[in-house]
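Each residue of the sequence shown is one higher than the one before, counting from 7 in this note's numbering.
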Amino acid sequence: MESIRINITSTTPALAEFQQLSVRMQVVSLAVVLTVLVNFIRGVVCWYRLRHVPGPFINAWTSWIQVWKIARGEGHLYYDELSKQYGESRL
């Protein structure tokens with residue numbers, strides 16, 4: 007039986023292009039992971055500093071709920087409901 011040998015040390019243009027793509031994907035993946043990690047740490051720091059302020063827990067972590075309500079034209083109703091539930095803003 008004849009065995010097939012592949013010489014990995016010789017680089018073909020396709021292999022070199024694949025290796026460059028692989029390195030780029032690793033760099034992009036690292037950048038995404040670092041971005042997510044930094045944003046998470048920023049969220050923890052912001053929450054820690056404002057944990058004494060009454061309000062919905064999720065609003066301490068993200069502003070997407072406020073953005074969504076304002077975009078739908080319900081921002082004034084949302085803030086009115088929050089002020090009834092948690093009291094007037096003391097900041």
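For every residue, glycine included, the Cβ atom is placed at its ideal position computed from N, Cα and C.
Taking 8 Å as the cut-off, the beta carbon of Trp53 is found closer than this to the beta carbon of Trp67. Looking from the CA of Gly61, the closest CA among Asn45, Val50, Leu88, Val42 belongs to Leu88. Sequence-distant Cβ neighbours of Ser28 in its own chain, meaning closer than 6 Å and more than five residues away, do not exist here.
The continuous stretches of alpha helix (DSSP H) do not include Glu94, and DSSP gives it neither H nor E.
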